[in-house]
Each structure stands twice: as structure tokens, then as C-alpha cells.
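K.L.:
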Amino acid sequence: MEMTWTKPVTFRGITLGALLAAAAAESQDVTFMPHQDFLVGGSPFPVVVSDFNRDGVLDVAAGNVYTNEVSVLLGNGDGTFQAARNTGVCTFPFSMAVADFNGDQVPDLAVACDRGLAIFLLMGNGDGSFQITSSIRVDAGPISVAVGDFNGDLIPDLAVASQVIGTVSVLLGNGDGTFQPPRRFALRPYLISLTVGDFNLDGLADLVVANSSVNNVTVLLGNGDGTFEAGESYAVGNAPRSVAAGDFNGDQVPDLAVANEYSHDVSVLLGKGDGTFAEAMSFGAHTFPTSVAVADFNGDGLLDLAVANQFTNDVSVLLGNGDGTFQPAENFAAANNPQGIAVGDFNSDGWLDIAVADEGSDSVSVLINTTSAVAAPR
Numbered sequence: 001m002e003m004t005w006t007k008p009v010t011f012r013g014i015t016l017g018a019l020l021a022a023a024a025a026e027s028q029d030v031t032f033m034p035h036q037d038f039l040v041g042g043s044p045f046p047v048v049v050s051d052f053n054r055d056g057v058l059d060v061a062a063g064n065v066y067t068n069e070v071s072v073l074l075g076n077g078d079g080t081f082q083a084a085r086n087t088g089v090c091t092f093p094f095s096m097a098v099a100d101f102n103g104d105q106v107p108d109l110a111v112a113c114d115r116g117l118a119i120f121l122l123m124g125n126g127d128g129s130f131q132i133t134s135s136i137r138v139d140a141g142p143i144s145v146a147v148g149d150f151n152g153d154l155i156p157d158l159a160v161a162s163q164v165i166g167t168v169s170v171l172l173g174n175g176d177g178t179f180q181p182p183r184r185f186a187l188r189p190y191l192i193s194l195t196v197g198d199f200n201l202d203g204l205a206d207l208v209v210a211n212s213s214v215n216n217v218t219v220l221l222g223n224g225d226g227t228f229e230a231g232e233s234y235a236v237g238n239a240p241r242s243v244a245a246g247d248f249n250g251d252q253v254p255d256l257a258v259a260n261e262y263s264h265d266v267s268v269l270l271g272k273g274d275g276t277f278a279e280a281m282s283f284g285a286h287t288f289p290t291s292v293a294v295a296d297f298n299g300d301g302l303l304d305l306a307v308a309n310q311f312t313n314d315v316s317v318l319l320g321n322g323d324g325t326f327q328p329a330e331n332f333a334a335a336n337n338p339q340g341i342a343v344g345d346f347n348s349d350g351w352l353d354i355a356v357a358d359e360g361s362d363s364v365s366v367l368i369n370t371t372s373a374v375a376a377p378r
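Going by this note's numbering, the letters in the sequence shown line up with residues 1 to 378, in that order.
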């Protein structure tokens with residue numbers, strides 16, 4: 001996947017980020033309908049969004065850690081979902097990623113099984129159902145899986161963070177649903193989350209890994225052949241649980257957002273474009289945030305954050321100002337003990353909605369965006 005960098009846009013010497021920040025004061029609020037809950041299996045943690053039955057409507061999949069299965073909720077197109085379809089997988093499916101791994105134009109799933117020591121591959125049948133085709137053993141405690149093209153062949157690859165011994169395993173895809181043996185890169189124990197981006201703007205996919213034991217994130221710069229070089233580490237808040245990437249200040253350089261469970265906040269690190277980051281800024285969420293997602297929820301063209309908070313049973317939305325800072329959190333109720341969070345337009349109205357996996361109520365909460373704005377949604 002080729003990536004390019006263009007010079008930041010300026011107007012009379014002012015960067016696009018500064019112009020967007022100046023306009024942020026006029027940006028509208030964000031509102032959501034009360035959450036609707038859809039039953040899945042026992043204690044869902046991860047949640048992902050895709051069109052699994054290819055009907056043009058977004059669906060939701062959740063991984064259930066106590067019943068060891070994946071539940072698929074097929075969307076009706078109006079923000080509601082059909083009854084869950086369940087596929088048994090491995091022990092403690094803690095993380096999932098979506099891509100077309102076998103080239104049949106149907107979304108597939110890769111499931112990281114924290115207590116199963118493996119990645120399970122579920123190939124989509126095109127009707128919302130899946131078949132398990134294989135499992136790939138990785139290092140102990142695979143807790144986070146992400147998709148990227150790490151060797152430039154336009155075939156989806158996988159990166160897996162294993163928390164017990166602190167390695168990142170890279171599995172290069174063959175394009176037929178199979179993968180090459182893992183290539184391992186040692187960091188330190190208690191890795192908890194990873195994300196993919198081109199952080200040094202060289203057109204190659206890089207990785208950032210959150211480490212909950214030392215409260216930092218570490219950059220792994222890609223060489224373009226499926227190998228990585230260790231970059232710098234950066235301090236974040238207490239017990240980082242989730243990391244996501246987005247351009248928060250309009251300079252066309254990826255930045256980072258990290259949900260910190262014990263400091264009840266989000267750390268934002270602005271990228272410099274060379275694979276390094278500025279010192280983290282902190283923005284409050286609610287109690288014990290577990291997952292963070294990036295999207296434009298109020299249609300102003302600026303990226304916002306949504307954070308699932310497990311002890312206050314809600315979602316915090318932090319609206320972006322366009323300069324890398326965020327407005328105070330607005331909190332919206334979910335069901336019991338929300339964990340994973342994902343974003344999609346579930347009722348096809350042009351506004352992005354939120355899906356949250358509720359570990360304590362065996363459900364997925366869906367929050368439909370009801371924001372109205374003068375500008376058309378993006």
C-alpha cells in the first residue's frame with residue numbers, strides 16, 4: 001500500500017491545523033440516542049465493524065471471552081441488528097481484526113486468543129457466517145492483533161502483541177488465507193495493545209505498542225520487508241490499555257491517542273513526521289477507560305475521540321479542536337462494564353455511530369449519532 005506525504009497546507013502563512021483550531025469554537029456539540037443493547041455471548045471484550053454479508057449495511061462482530069466464541073450481529077440498516085450468530089473459537093478471544101485474507105472480496109476475521117496461545121483465522125462465507133480454517137501459534141498471551149501491509153505486496157499481514165513475554169509477532173500473508181511463520185520482535189512483558197501507521201512518512205507501515213507495566217508506548221519502524229527496528233518509547237498515563245492513530249492537528253502526520261485505565265484519561269502524542277513524538281498531553285475521560293476510537297462525530301472535519309469507560313458504564317466523547325487538543329469529555333451511557341469500542345454508520349444517515357462491547361451485560365451497546373449541523377456530514 002503506497003503512502004505519500006504532502007506539505008502541510010498553509011493560508012497566509014498559517015497552517016491548516018491552526019485554521020481548523022480557530023474554527024473549532026464554532027463547531028457544534030455532539031449528541032447520541034440512548035443506547036440500544038443487542039445480546040451476544042458471555043462477556044464480550046473486542047468489537048469490530050464490517051459488512052460481513054455484503055448487503056451494503058454495516059454489521060458488528062464481538063469476541064466473547066467466557067463462552068469462547070465470536071458473535072456476529074447483522075445490521076438491518078436502521079441502527080438495529082438481527083439476533084447474534086455465534087461461531088466457537090478459542091479460549092479468551094481478547095482482540096479481533098478484519099481484512100480479506102484470502103482475496104475473495106469477503107471480510108475475514110483474525111482472533112487473538114489470550115489464553116489459547118494462538119491466532120485463529122475465520123474465513124467469511126459472504127452471508128455473515130464464518131468457518132475456522134486454521135490457527136497459528138504465537139508467543140504466550142496474544143492480547144492484541146492488527147492488520148497492515150508490512151512488506152509492500154498489497155496483501156494483508158498481521159501483527160500480534162503477546163503480553164506474557166513481551167514480543168510482537170509479525171505474520172506475513174500469502175494472499176490465500178494462510179500466513180508465513182511468525183517473525184518475533186522482543187520488547188518487554190505486559191504489552192497490551194498495538195496500532196499500525198506510517199509514523200515516519202517513508203511509505204512503509206510502522207507499529208506502536210502500548211506497555212501497561214511501564215506506562216509507555218514504543219515505536220517499531222518498518223523496514224518494508226516485514227522486519228522492524230526499535231524506535232523510541234514515550235511516557236503516557238497510568239496503565240495504558242488501548243492505542244489508536246489519527247491526524248489530530250491537521251499537519252498530515254499521524255498522531256497517537258492512548259486510553260489509560262488507572263489515570264482515567266487519554267494521552268495524546270503529536271507526531272513529528274520522523275517517527276518521533278512530542279511529549280504526551282493528558283485529557284480526562286471517565287472512570288477506568290479501556291478502549292479508544294478515532295472518528296469525526298460532529299461533522300466539522302476534525303477528528304474526535306470516543307473512549308469506553310468500564311466502571312462508569314459509559315462512553316466519553318472528546319471533540320477535537322484541530323490543533324491536537326480536545327474539549328472536555330461528554331459522557332453517554334452504555335450497558336454494564338464496556339470494554340471494546342468501534343465506529344460505523346449503522347443507520348446510513350452519514351453520521352458516525354458507536355458500538356461498545358459490554359462485558360458485564362453480555363451485549364453490544366449501539367449509540368446512534370443524532371448530531372445536527374449546518375455543514376453536511378463527512
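Where a beta carbon is used, it is the ideal one built from N, C-alpha and C, also for glycine.
(1) Is G296 buried or exposed, if buried means 16 or more other CB atoms sit within 10 Å of its CB?
(2) Measure the C-alpha to C-alpha separation of L305 and D353 and round it to an integer number of angstroms.
(3) Quick one: using the 10 Å Cβ neighbour count with 16 as the cut-off for buried, is N238 buried or exposed?
(4) With D149 and N102 assumed to form a contact (beta carbons below 8 angstroms), what rounded beta-carbon distance in angstroms separates them?
(5) Quick check on DSSP: helix, strand or coil for A25?
(6) By alpha-carbon positions, which one of V98, T195 and G166 ends up nearest to L256?
(7) At what residues does the beta strand (DSSP E) containing P44 begin and finish?
(8) Answer yes or no: the CB of N174 versus the heavy atoms of the ligand HEM, is any distance below 7 angstroms?
(9) Whole-angstrom Cβ separation of F199 and G324, contact assumed at under 8 angstroms?
(10) Less than 8 angstroms between the beta carbons of Q310 and L318, yes or no?
(11) Taking the beta strand (DSSP E) that M281 falls in, what are its first and last residues?
(12) Rounded to whole angstroms, how far is the Cβ of D358 from the Cβ of N337, which I believe are closer than 8 angstroms?
(13) Could you spell out where the beta strand (DSSP E) holding A219 opens and where it closes?
(14) Taking just the CA atoms, how far does V70 sit from T87?
(15) Are the beta-carbon atoms belonging to A342 and V47 less than 8 angstroms from one another?
(16) Return helix, strand or coil for G124, following the three-state DSSP convention.
(17) Taking its Cβ as the centre, do 16 or more other Cβ atoms sit within 10 Å of G299, making it buried, or is it exposed?
(18) Could you check if T381 is buried or exposed, using at least 16 other CB atoms within 10 Å of its CB as the buried criterion?
(19) Return helix, strand or coil for R188, following the three-state DSSP convention.
(20) Just confirm the distance between the C-beta atoms of R115 and F130, as a whole number of angstroms; I'd bet it's less than 8 angstroms.
(21) Could you check what DSSP says for Q105 in three-state terms: helix, strand or coil?
(22) My understanding is that G166 touches P189, with C-beta atoms under 8 angstroms, so please give their C-beta distance in whole angstroms.
(23) How long is the line joining the alpha carbons of I419 and L122, rounded to whole angstroms?
(24) Of the choices V292, M281 and F248, whose alpha-carbon is the least far from that of E261?
(25) Expressed to the nearest angstrom, what Euclidean distance is found between the alpha-carbon atoms of V145 and M96?
(26) So the beta strand (DSSP E) L171 belongs to, where does it begin and stop?
(27) For a minimum of 3 consecutive residues, which ranges assigned as the beta strand (DSSP E) are wholly contained in the region 294-373?
(28) Assign F32 to one of three DSSP states: helix, strand, or coil.
(29) Nearest-angstrom Cα distance between G246 and V268?
(30) Taking all protein chains shown into account, decide if Q339 is buried (16 or more other Cβ within 10 angstroms of its Cβ) or exposed.
(31) Assuming A62 and V98 are in contact, meaning their beta carbons sit under 8 angstroms apart, how far apart are those beta carbons, in whole angstroms?
P.N.:
So, to answer that:
(1) According to the sequence shown, residue 296 is Asp rather than Gly. Label assigned to D296: buried.
(2) A direct Cα-to-Cα measurement between L305 and D353 gives close to 12 angstroms.
(3) Exposed, by the Cβ-count rule.
(4) 15 angstroms between Cβ atoms; not a contact.
(5) Low confidence applies to A25: its pLDDT is 40, below 50, so where it sits in the model is not reliable enough to give any reading.
(6) Comparing Cα-Cα distances from L256 to each of V98, T195 and G166, the minimum goes to T195.
(7) In the DSSP assignment, P44 falls within the beta strand (DSSP E) that extends over P44 to S50.
(8) In the structure shown, the ligand HEM is absent, as is every other ligand, since no ligand is present at all.
(9) Under the criterion of beta carbons closer than 8 angstroms, F199 and G324 do not qualify as touching, at roughly 15 angstroms.
(10) Result no, Cβ atoms of Q310 and L318 do not sit closer than 8 angstroms.
(11) Taken as a continuous stretch (DSSP letters only), the beta strand (DSSP E) holding M281 covers M281 to G284.
(12) Indeed they touch by this definition, with Cβ atoms about 6 angstroms apart.
(13) The amino acid at residue 219 is misidentified as Ala; the sequence shows Val. For V219, the enclosing beta strand (DSSP E) has its first and last residue at N216 to G222.
(14) Approximately 5 angstroms between the Cα atoms of the pair.
(15) For the 8 angstroms CB-CB criterion, A342 and V47 form a contact.
(16) Strand at G124.
(17) Within 10 angstroms of the beta-carbon of G299 lie 16 or more other beta-carbons, which makes it buried.
(18) The chain is shown only over 1 to 378; residue 381 falls outside these bounds and no answer can be derived.
(19) Coil.
(20) Incorrect: roughly 21 angstroms between the Cβ atoms, too far for contact.
(21) DSSP places Q105 outside both helix and strand once states are collapsed to three, so it counts as coil.
(22) Going by Cβ atoms, the distance from G166 to P189 rounds to 4 angstroms, so yes, they are a contact pair.
(23) The structure shown does not extend to residue 419, since the chain is modelled only from 1 through 378, so no value can be given for it.
(24) The shortest C-alpha to C-alpha distance from E261 to any of V292, M281 and F248 is the one to V292.
(25) As the crow flies, the alpha-carbon of V145 is around 6 angstroms from that of M96.
(26) Note, L171: beta strand (DSSP E), T167 to L171.
(27) Listed in chain order, the beta strand (DSSP E) runs fully inside the region 294-373 are 304-309, 314-318, 330-333, 338-344, 353-358 and 363-367, counting runs of at least 3 residues.
(28) Strand.
(29) Answer to the nearest angstrom: the Cα atoms are 10 angstroms apart.
(30) So Q339 counts as buried.
(31) With 8 angstroms as the limit, A62 and V98 do not qualify as a contact, their Cβ atoms being about 12 angstroms apart.
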